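By the count of my numbering, the sequence shown reaches residue 658 at its end, each step adding exactly one.
The beta-carbon is built from N, C-alpha and C at its ideal position, and this holds for glycine as well.
In this text, all values refer to a predicted model and were calculated from it rather than measured experimentally.
Read through the structure below, which is laid out as structure tokens, and then see the notes.
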Amino acid sequence: MSRNGYPHMVVDDYVDKLRAKRAERTRALAALKTREDALAYQAKLRQAIARSFGPKPKQVPLALEYTGTLQLDGYRIEKLRFQSRPDFWVTANLYLPDQLDAPAPAVLGACGHSDLGKAAPVYQDFCIRLVNNGFVVLIYDPIHQGERNQYTLLDNLGLANSLCGAHNVMGKQLELVGDFFGSWRVWDGRCALDALLTRPEVDPKRIGITGNSGGGTLTEWIWANEYRLSMAAPSCHVTSFLNNLENELPTDSEQCPPGIIGSGLEMVDMMIVRAPQPAILLGQKYDFFERRGLQEAYAELRRFYELLGAEDNTELFIGPTVHGYSPHNQMAMVNFFRRHAGLSGPAVDLPPVAQKPEDISVCPEGNVVKAGSRPIYEFIRDRAVELAAQRTPPADQAAWRTLLTDLLNLPPRSGVPHYRVLRPQSIGDKLWARYAIETEGPVRAFMRKRLVERGWHNTLDVEPEICLFLPHVGAEIDMQNSPCFQALNPDGAVYGLDPRGLGESLPTDTSAPFFHPYDMDYLHHSFGLMFQESFLGRRLFDVLRTLDLLVAEGAATVNLHGRGQGALLAALTAMMHDAITSVTLYDAPESYQSWIDSSVADWPAANCPFGVLKYFDLPDLYDALGKRLTIVNTWGPHGPGVWE
């Protein structure tokens, strides 16, 4: 693309919104003066957290199985598995000190983002340090880590060919059925705690939780939802949502609870909700979860503990190195847990010796799916089928509009948006006028118009009948490379529109990184989800506001065209705006159900409205558009043109 002058527009808009939320929260925290004020604040936090992480699945028997024991110097490792959902198996290692003469304090270990899961040397290390200091430790494999690779039987992994990419693929499929990947991982952790509590060696009143990075996330999320835990030590994750956003740091699907920011919460509220129970925040000096956010979070946490008269129950430790559960952080955790578990004497720090992954593997096959566990995509598929049998799509256009307004959290529209006339652009032998349409606050949609006469680029003159094109990634890309765009109204005016985050405000220099499951478009979507907005809905809003302008300037008939992601927007727009006479879709997504049936789908997460399959699938929308709709061709869950 020759122009890309607005790549930070969407991030800056979210930053402004989040700063406003933060200002409200800061005032609310400052107003807390008494213990009663603090307890009332916690009650509100519990409600918001329950909305983001609930509802809970049905409890099933653990069906605990032990598959072996490894005796080592001073402790043993028992290998076990249990189910957290029917035939959904979790693998774990239990570290037990030798010669316990009374129930001991225990720790639930949460793994960070490592393919090896519980077998990663750094995570074995913190378990060994704890068991050498008298703790029973249960560490388990999170979904799609260690022995729980969910895609081991699949050939086409698409965007799920990396650990974090796979998490985000699972996340967007769960969003389609109105579920949250983080809730699945929290539930596994709560079932792991159930397994730990079956052991007579464990004192149920002294149980901590710790983990690093993604395990730090799990520590916070489980801590906020599981009141049987008595102490916590998250490492290398606690910062602020604002800090991550300002630093343009995308995080995994499970790290973005739906509606959490919209409810007014910050990340540290997941720790505040459990005060005055003992909690230490661990970070690193050179972490990408930047220490400014950690220090700010700790200041808020400590003040809250002070309100409850328990300032000795919280600490901050920042290690001297980069992101990771370094020995410094591990020993800070061990010392904190020893003190609050009532263990006397100095801590032991023997150099840990990690075992080979195969020696502590629970399944002979090394993988739960190969051993008979159902993979997560089968559960998602079952839920989608169940929703399809239950739903009734809207009966008429009015009902469709009401549903889409609510589902996509569309703001109200009023008046005619202001527009700016930008510098024109020559592509081949054609001159294109350019306009910036102010659709919402600082957000602009960027429109191009192919001119019949050169020199007519200084004004916006709209014909009674127009052709408007919504691109897959950007209007300029399609006008140069897409035959469907180039064939439109060859002798007349054609309009191409870039909604937010596409084309002129594309957050990356080229289109290829756009489809990476961890890139900036994903960041926009995930923050929209945490705001309890819909990034797809905001793109739709940009199109609707542009149409409001075009109609006000004289358009009576609009022939709408869309390709790829633009095809989805075009179908939604045609249902929402009266000016649309016809709508033509190229490379349209065939159905959301196909994205689930394929086990892995490559379409960007922003195209997945949260809970949409409770209400309709795309063929229902296409049918409702009736004779106005023409579908030239469709794309399946993997493209082929998703990457084009």
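At what residues does the alpha helix (DSSP H) containing residue i begin and finish?
i: F67; result: 49-67
i: A206; result: 195-210
i: H575; result: Segment 571-577 is the beta strand (DSSP E) holding H575; no alpha helix (DSSP H) there.
i: G510; result: Note, G510: premise wrong, no alpha helix (DSSP H); beta strand (DSSP E) at 509-512.
i: G228; result: 228-239
i: A34; result: 23-44
i: V136; result: 135-145
i: V121; result: First-last for V121: 118-124, but that is the beta strand (DSSP E), not the alpha helix (DSSP H).
i: L481; result: Sequence check: residue 481 is Cys here, not Leu. C481 -> not in any alpha helix (DSSP H); beta strand (DSSP E) instead, spanning 479-484.
i: P497; result: 497-500
i: T419; result: 411-421
i: R397; result: 390-404
i: Y536; result: 534-544
i: M245; result: Counting along the chain, M245 falls outside any alpha helix (DSSP H), though it belongs to the beta strand (DSSP E) covering 245-249.
Express the C-alpha separation of residue j and residue i in angstroms, rounding to a whole number.
i: P292; j: M345; result: 16 Å
i: M245; j: D283; result: 16 Å
i: W609; j: T419; result: 23 Å
i: R514; j: F255; result: 21 Å
i: I394; j: Y606; result: 12 Å
i: L177; j: H127; result: 7 Å
i: A707; j: L520; result: Shown here, the chain extends from 15 to 658; a query on residue 707 therefore has no answer.
i: E454; j: L550; result: 14 Å
i: K47; j: A311; result: 19 Å
i: A385; j: V104; result: 11 Å
i: L32; j: K186; result: 23 Å
i: E215; j: W617; result: 49 Å
i: R437; j: T416; result: 38 Å
i: W237; j: G356; result: 20 Å
i: F303; j: A52; result: 27 Å
i: L643; j: F195; result: 35 Å
i: L78; j: G510; result: 59 Å
i: L114; j: L632; result: 60 Å
i: A569; j: Y532; result: 39 Å
i: P71; j: V191; result: 14 Å
i: Q298; j: M589; result: 51 Å
i: L627; j: L421; result: 11 Å
i: W657; j: V487; result: Its pLDDT being 44, under 50, W657 is placed unreliably in this model, and the coordinates cannot settle the point.
Can you tell me whether residue i is buried or exposed, with buried defined as 16 or more other CB within 10 angstroms of its CB?
i: E280; result: buried
i: N621; result: buried
i: F529; result: buried
i: D326; result: exposed
i: Q579; result: buried
i: F350; result: buried
i: V646; result: exposed
i: I223; result: buried
i: V435; result: exposed
i: A134; result: buried
i: A34; result: exposed
i: P75; result: exposed
i: Y241; result: exposed
i: D556; result: buried
i: E38; result: exposed
i: H22; result: exposed
i: A615; result: buried
i: I286; result: buried
Quick test of your reading: residue i and residue j, contact by CB under 8 Å. State the CB separation rounded to the nearest angstrom.
i: T648; j: A585; result: Not confirmed; about 12 Å, so no contact.
i: S98; j: W201; result: 6 Å
i: Y253; j: L308; result: In the sequence on display, residue 253 carries Thr and not Tyr. Between L308 and T253 the Cβ distance is about 5 Å, and since that is below 8 Å, they are a contact.
i: T231; j: E262; result: Actually they do not touch by this definition, with Cβ atoms about 19 Å apart.
i: T296; j: N146; result: For the record, residue 296 in the displayed sequence is Leu; it is not Thr. Actually they do not touch by this definition, with Cβ atoms about 19 Å apart.
i: C270; j: S548; result: Their Cβ separation, rounded to whole angstroms, is 14 Å, which puts C270 and S548 out of contact at 8 Å.
i: E161; j: G380; result: 6 Å
i: A62; j: S277; result: 4 Å
i: R199; j: P156; result: 6 Å
Which first and last residues belong to the beta strand (DSSP E) in which residue i is found?
i: L94; result: 89-99
i: L152; result: 150-154
i: L563; result: From DSSP, L563 is part of no beta strand (DSSP E) but of the alpha helix (DSSP H) over 549-566.
i: L76; result: First-last for L76: undefined, no H or E at that position.
i: N257; result: Taken as a continuous stretch (DSSP letters only), N257 belongs to no beta strand (DSSP E), being part of the alpha helix (DSSP H) at 255-260.
i: N107; result: 102-111
i: K463; result: 457-464
Taking 7 Å as the cut-off, is the beta-carbon of residue i closer than that to any non-hydrogen atom of the ligand SAM?
i: N349; result: With respect to the ligand SAM, the structure offers nothing, as it holds no ligand at all.
* Whole runs of the beta strand (DSSP E) within the segment 425-450, excluding any shorter than 3 residues -> 433-441
* Would you list, in sequence order, the uninterrupted beta strand (DSSP E) runs of no fewer than 3 residues that lie entirely inside the segment 580-646? => Listed in chain order, they are 594-600, 643-645.
* Taking only runs that begin and end inside the segment 290-364, name each unbroken beta strand (DSSP E) of 3 or more residues, in chain order. => 293-300, 328-336
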